[in-house]
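Here's the structure we're looking at; comments come further down.
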Amino acid sequence: MAIEKPPVDELVPRGEQPRTLSPSKHKKRTFGTGMLKGLSITFRHLISKPVTVQYPDEKDLLPPRSRGVIALKEENCTVCMLCARECPDWCIYIEGHKSTREIPGKKRGKKVNILDRFAIDYALCMYCGICVEVCPYDALFWAPEYEYAEHDITGLTHEMDTLKDWMYSVPPPEELEDGAMGPAVKNQLPDNTPKGEGG
Amino acid sequence: MSDQTPPGAPQQAVLTGAGTLRTEEMILNVGPQHPATHGVLRVMVTLDGERIVHGEPVIGYMHRGHEKLLEQRDFRQITNLLSRMDWLSGINNEIPASIAVERLMELEVPRRATYLRVILAEINRILNHLMFTGSFGLELGATTPVMYAFRERELLQQAMEMATGGRMHFGFIRPGGLKEDVPKGFVALALKGIRQLQKAIPDYENLLMGSEIFKARTVGVGRLSTERALDHGVSGPILRACGVAYDVRKAEPYLNYDEFDFDIPVGTTGDAYDRFFVLIEEMKESAKIAEQALIDLPAGSHLGDVPKRLTLPKGEIYSRAENPLGELGYFLVSDGDAKPYRMKVRTPSFSNISVVSHMLEGIYMPDLIAVLGSMFFVVGDIDR
Amino acid sequence: MIEEVFANPYIQLALKLGVLMILLPATLALGWVELKIGAHIQHRMGPMYPGGFHGWAQTVADGIKFVLKENVVPRNADRVVFSMVPFITMLGAALIFVVIPAGQNLVIEDLEVGLFYVLAASSIGVIAVLMAGWSSANKFSLLGALRAAAQLIAYELPLVLSASAVAMLAGSLSLVDIVQAQGPASPTGLYIPFAVYQVLGFPIFLCAVTAELTRPPFDMPVAEAELITGPWTEYTGIRFAFGFFAPEYIAMIGLAAVGATIYLGGYLPPVPALDFIPGIIWLLLKTGAILFLLIWVRWSFPRLREDQLQKFAWKVLIPLALLNIFVTGALKLTPWV
Chain A
28 MAIEKPPVDE LVPRGEQPRT LSPSKHKKRT FGTGMLKGLS ITFRHLISKP
78 VTVQYPDEKD LLPPRSRGVI ALKEENCTVC MLCARECPDW CIYIEGHKST
128 REIPGKKRGK KVNILDRFAI DYALCMYCGI CVEVCPYDAL FWAPEYEYAE
178 HDITGLTHEM DTLKDWMYSV PPPEELEDGA MGPAVKNQLP DNTPKGEGG
Chain B
2 MSDQTPPGAP QQAVLTGAGT LRTEEMILNV GPQHPATHGV LRVMVTLDGE
52 RIVHGEPVIG YMHRGHEKLL EQRDFRQITN LLSRMDWLSG INNEIPASIA
102 VERLMELEVP RRATYLRVIL AEINRILNHL MFTGSFGLEL GATTPVMYAF
152 RERELLQQAM EMATGGRMHF GFIRPGGLKE DVPKGFVALA LKGIRQLQKA
202 IPDYENLLMG SEIFKARTVG VGRLSTERAL DHGVSGPILR ACGVAYDVRK
252 AEPYLNYDEF DFDIPVGTTG DAYDRFFVLI EEMKESAKIA EQALIDLPAG
302 SHLGDVPKRL TLPKGEIYSR AENPLGELGY FLVSDGDAKP YRMKVRTPSF
352 SNISVVSHML EGIYMPDLIA VLGSMFFVVG DIDR
Chain C
3 MIEEVFANPY IQLALKLGVL MILLPATLAL GWVELKIGAH IQHRMGPMYP
53 GGFHGWAQTV ADGIKFVLKE NVVPRNADRV VFSMVPFITM LGAALIFVVI
103 PAGQNLVIED LEVGLFYVLA ASSIGVIAVL MAGWSSANKF SLLGALRAAA
153 QLIAYELPLV LSASAVAMLA GSLSLVDIVQ AQGPASPTGL YIPFAVYQVL
203 GFPIFLCAVT AELTRPPFDM PVAEAELITG PWTEYTGIRF AFGFFAPEYI
253 AMIGLAAVGA TIYLGGYLPP VPALDFIPGI IWLLLKTGAI LFLLIWVRWS
303 FPRLREDQLQ KFAWKVLIPL ALLNIFVTGA LKLTPWV
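Residue numbers (the working numbering), protein chains in the order written: chain A, 28 to 226; chain B, 2 to 385; chain C, 3 to 339.
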């Protein structure tokens with residue numbers, strides 16, 4: 028079955044004037060001037076200050092949102108397992124049990140979940156942040172900590188205590204850019220004016 | 002690879018009747034581990050002395066089963082996986098997937114989110130083109146432009162990290178808008194990065210494009226005819242270098258590209274020099290778009306009115322966008338679940354690489370490197 | 003008084019050996035300088051740690067690393083030839099220093115055919131490259147060796163032709179005479195380096211030197227992207243260090259010193275009034291200038307393809323060098339040259 032190919036002109040929208048290459052600008056120069064210009068550029072860079080940050084003596088400050096490592100705030104965790112379920116790589120290992128917490132003055136206590144084990148396998152983790160985003164109780168946070176390389180791959184599975192330790196490096200929430208208005212709410216137009224009202 | 006006659010032993014040569022010397026053709030494997038190919042690509046070349054008689058790219062060394070993985074994940078997880086295909090243009094991989102969902106579910110995206118998507122996409126395009134600018138020079142032996150390219154990338158990557166948290170894999174686009182709004186200082190840092198880039202682009206033009214040696218290595222090398230390019234479905238800078246002014250941003254504007262003022266640079270001969278030229282000029286255009294968008298960034302929401310759990314309606318849709326390497330398309334088939342039933346990805350590098358075997362006939366070995374370097378592909382994009 | 007000390011044959015022997023001893027540390031120093039200049043051109047810092055101050059011991063550490071590597075000879079290789087190659091390249095590079103003058107009498111041996119001898123010594127490397135490629139029993143090495151040999155032979159001619167124009171100007175092949183002809187023994191008595199008359203010849207000489215050293219932009223034989231290190235692929239450890247790495251730098255210093263001697267006036271000061279500064283300092287400064295040029299060019303340009311390289315030599319450099327000889331001959335007819 029022969030396929031009809033559209034003519035080349037029809038690929039280009041009507042009225043569009045693309046800027047074509049003018050090779051003369053670069054091709055027709057006296058022989059040698061291009062190379063001399065190249066030499067002058069490299070010389071200019073030679074005498075300017077290098078941009079190297081001499082790690083580990085100097086360290087760059089990472090922005091607060093930087094996805095370095097995930098820290099756990101154990102007090103907020105209710106073992107709802109949402110993070111483990113949503114993780115695309117299934118790298119979060121959670122173990123918990125139910126227990127009853129006594130409430131003074133009441134006959135029946137409150138059923139609570141106790142967190143036994145919370146481990147993240149950073150060898151599998153793809154640093155997507157879905158677990159942090161999906162946690163309804165704000166128990167997981169991003170921290171810009173990146174110096175946790177190990178010699179053995181099993182050492183990359185970090186248990187609850189290490190994850191709790193990393194809370195120290197979690198930055199405070201930062202200010203948003205001018206004009207940010209949060210997610211749109213129902214019955215509002217996308218630029219946050221309520222529907223039905225006059226402009 | 003047969004090596005019957007090591008040097009030091011008499012070589013086998015046959016004198017034919019006309020008095021010419023017939024030598025054996027040698028089959029050489031360039032790759033899969035090779036410093037010059039962008040990833041694990043293997044090119045099997047049949048050499049006759051220094052000339053290539055036949056060259057064939059062998060792909061599949063990096064196949065990770067992306068499309069099957071996507072069938073088991075919902076759209077928040079899909080967005081994070083998609084940037085691993087063409088890892089140099091992370092945001093541009095995520096955008097058409099979200100657009101597909103938005104069109105299928107008829108979601109409205111706030112204007113601010115659209116502008117921010119355009120900004121992030123164009124910054125990513127600049128990052129991608131800078132990377133290829135540098136690596137192309139490196140393959141030809143110019144060790145300096147790659148360092149300059151990475152220095153330009155640094156400020157822009159810092160801007161991206163400030164907004165999204167990642168430097169290469171972003172996972173920031175969600176159906177309906179963005180994951181969160183950008184922090185304070187993003188616009189300033191992004192503008193600073195773009196202005197620095199605009200000041201530095203003449204350096205690449207003069208150091209590489211104006212250099213006689215570079216011209217001698219790339220002018221007339223790896224010529225691709227328009228006919229062949231269109232037959233193989235080549236798109237992106239390579240197609241534009243052949244002379245066809247096809248850019249999805251102008252042909253089928255998505256996001257709000259029709260509101261920005263930019264040109265499409267187009268080449269004339271389709272050789273490696275023109276492809277490089279298109280790359281540099283596209284960087285200038287992307288900088289223009291990003292600058293316009295950053296200055297005109299409207300106030301508003303970053304995410305539209307999107308249900309908590311995205312359940313796609315039954316149906317199928319194809320959405321395409323202009324990836325820095327070419328046209329990226331997603332064919333999404335949904336059967337009413339949160340996870341797609343099938344998501345076929347049309348990647349630009351796959352089609353771009355299919356022309357390589359035609360371009361390799363009759364050229365010299367060093368030109369193989371120049372041709373491969375000028376074809377702008379990412380192996381993760383070819384193999385998925 | 004100093005001349006008397008130098009006239010003592012034992013002192014002379016010690017000095018001659020001393021020059022050869024200095025070659026290896028000079029190589030290490032030059033390697034470090036190249037790394038630093040290349041780094042700063044690329045906006046970075048280069049070695050910073052080894053040795054403390056800006057990583058001066060980086061090349062020393064590299065040398066130690068080379069020595070500690072395994073001694074590997076491929077099974078199919080011709081052992082005798084394979085092992086001989088590093089000696090030959092080192093020899094070819096070190097022999098250049100025999101005739102380079104650091105003062106009117108400060109030279110290991112002032113041969114009457116000094117210039118001719120230098121060019122001959124520097125071409126010993128060609129046979130070593132062929133030996134390396136052939137004896138490695140490796141297709142890539144052979145390909146690289148043939149490329150390298152073709153390149154080296156092609157660029158011998160511009161080297162010789164431009165050097166012979168200098169010999170015409172000076173009227174002698176002895177390097178000391180050539181230097182003196184740029185200063186006290188010149189027809190006008192003015193200190194005019196030959197580079198002034200050899201506006202065409204000096205750049206040709208520099209191009210030819212860069213190609214003889216297989217340095218970028220003429221480094222196709224050792225282009226990593228395609229042939230790893232060409233004829234030197236099978237050489238590891240100390241064989242690589244002494245067969246490729248060190249001789250390249252030694253020959254670089256040697257040929258740069260030759261260029262400084264025949265074009266820039268060698269150990270002569272720019273003006274006679276400055277002759278209280280010893281000649282060796284001037285020689286080092288001028289050699290350093292040419293070395294800087296070689297390093298600067300290395301980091302600035304992509305490499306030429308092999309056939310373009312050959313075209314450049316045969317179709318551009320040689321005709322220009324011949325033209326240069328005619329021009330020099332015409333200049334010689336004037337009384338003040």
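Don't be surprised by glycine CBs; every beta carbon is placed ideally from N, CA and C.
Note that this is a predicted model, so its numbers are computed, not measured.
- For Gly-331/C, count neighbouring Cβ atoms within 10 angstroms of its own Cβ and tell me buried if that reaches 16, exposed if not. exposed
- Item | Same chain, Cβ closer than 7 Å to Glu-260/B, five either side skipped, listed in chain order | none
- Task: State the DSSP-derived secondary structure class of Arg-385/B, mapped to helix, strand or coil.
- Result: coil
- Item | Proximal chain C residues relative to Leu-66/A, where beta-carbon distance stays under 8 Å | Trp-298, Val-299 and Ser-302
- Task: Compare the C-beta of Leu-22/B with all C-beta atoms of chain C and state if any pair is closer than 9 Å.
- Result: Low per-residue confidence applies at Leu-22/B: pLDDT is 49, beneath 50, and the placement is therefore not dependable, though the value from the model is reported in the following sentence. No, because no Cβ of chain C sits closer than 9 Å to the Cβ of Leu-22/B.
- Looking at C-beta atoms only, is the number of pairs between the segment 318-325 of chain C and the segment 201-209 of chain C that lie closer than 8 Å three or more? Contact between the segment 318-325 of chain C and the segment 201-209 of chain C is present, because at least three Cβ pairs lie under 8 Å.
- Query: Can you give, in chain order, each stretch of the alpha helix (DSSP H) that sits fully within the segment 177-238 of chain C and has at least 4 residues?
  - Reply: 177-183, 203-214 and 226-229, all fully within the segment 177-238 of chain C.
- In chain order, what residues of the segment 183-214 of chain A put their CB closer than 9 Å to some CB of chain B? Glu-201, Glu-202, Leu-203, Glu-204, Asp-205, Gly-206, Ala-207, Met-208, Gly-209, Pro-210, Ala-211, Val-212, Lys-213 and Asn-214
- Specify, as a first and last residue, the run of the beta strand (DSSP E) that Leu-142/A falls within. 137-148
- Task: Please list the partners that Arg-92/A has in chain B, where partner means a Cβ-to-Cβ separation under 8 Å.
- Result: Glu-162, Met-163, Ala-164, Thr-165, Gly-166 and Pro-184
- Between Thr-189/A and Ile-141/A, what straight-line distance do the alpha-carbon atoms span, to the nearest angstrom? 18 Å
- Task: Would you verify that the beta carbon of Ile-255/C is, or is not, closer than 9 Å to some beta carbon of chain A?
- Result: no
- Could you tell me the boundaries of the beta strand (DSSP E) in which Trp-169/A lies? 167-170
- Sequence ranges, beta strand (DSSP E) only - wholly within the segment 32-102 of chain B, length at least 3: If one requires a minimum length of 3 residues, the beta strand (DSSP E) runs lying completely within the segment 32-102 of chain B are 43-49 and 52-59, in chain order.
- Kindly list the residues whose CB is nearer than 7 Å to the CB of Ala-258/C, restricted to its own chain and excluding five residues on each side of it in sequence; keep chain order. Thr-289, Ile-292, Leu-293 and Leu-296
- Message: Would you say Ile-43/C lies against chain A (beta-carbon separation less than 9 Å)?
- Response: yes
- Task: Could you name each continuous alpha helix (DSSP H) segment of 4 residues or more that falls completely within the segment 178-203 of chain A, going from the start of the chain to the end?
- Result: 187-192
- Task: Check Thr-270/B in the structure and name its three-state DSSP category.
- Result: coil
- Using a Cβ-Cβ distance under 9 Å, would Met-247/A count as near chain C? The requested residue 247/A does not occur in the structure, where chain A is confined to residues 28 to 226.
- Query: Is there contact between the segment 340-351 of chain B and the segment 146-155 of chain B, where contact requires at least three CB pairs shorter than 8 Å?
  - Reply: The answer is no - the segment 146-155 of chain B does not touch the segment 340-351 of chain B, with fewer than three Cβ pairs under 8 Å.
- What's the gap between the Cα of Phe-328/C and the Cα of Ala-169/C? 13 Å
- Item | Contact belief for Ile-79/B with Leu-361/B at Cβ below 8 Å, rounded distance in angstroms | Ile-79/B to Leu-361/B, Cβ: 36 Å. No contact.
- Message: In this structure, how does DSSP classify Gly-261/C when only helix, strand and coil are distinguished?
- Response: helix
- Closer than 6 Å by C-beta to Gly-135/B: which residues in its own chain qualify, once you throw out the five before and the five after it? Chain order, please. Pro-146, Val-147 and Ala-150
- Query: Between the Cα of Asp-262/B and the Cα atoms of Glu-292/B, Leu-139/B and Gly-316/B, which residue gives the shortest distance?
  - Reply: Glu-292/B
- Is there at least one Cβ from chain B nearer than 9 Å to Glu-308/C's Cβ? yes
- Task: Return the residue from the list Leu-304/B, Ser-84/B, Tyr-319/B and Ala-201/B that minimises the CA-CA distance to Pro-325/B.
- Result: For Pro-325/B, the nearest C-alpha among the options comes from Ser-84/B.
- Query: Where do the ends of the beta strand (DSSP E) carrying Thr-127/A lie?
  - Reply: 119-128 is the span of the beta strand (DSSP E), which, as asked, contains Thr-127/A.
- Leaving out the 5 sequence neighbours to the left and right, which residues in its chain are closer than 8 Å to Asn-81/B when beta-carbon positions are compared? His-170 and Gly-172
- In angstroms with no decimal places, state the Cα-to-Cα distance between Val-339/C and Gly-203/C. 16 Å
- Message: Which residues of the segment 127-146 of chain A have a Cβ closer than 7 Å to any Cβ of chain B? Give them in chain order.
- Response: Taking 7 Å as the upper bound on Cβ-Cβ separation, chain B lies near no residue of the segment 127-146 of chain A.
- For Trp-117/A, count neighbouring Cβ atoms within 10 angstroms of its own Cβ and tell me buried if that reaches 16, exposed if not. exposed
- Considering Gly-316/B, what are the terminal residues of the beta strand (DSSP E) in which it resides? Unbroken beta strand (DSSP E) run through Gly-316/B: 316-324.
- Check Leu-231/B in the structure and name its three-state DSSP category. Helix.
- Considering only C-alpha positions, which residue in the set Gly-54/C, Val-82/C, Asn-107/C and Gly-173/C is nearest to Ala-130/C? Val-82/C
- Message: Going by DSSP, what residue range makes up the alpha helix (DSSP H) through Arg-241/B?
- Response: Counting along the chain, the alpha helix (DSSP H) containing Arg-241/B begins and ends at 238-242.
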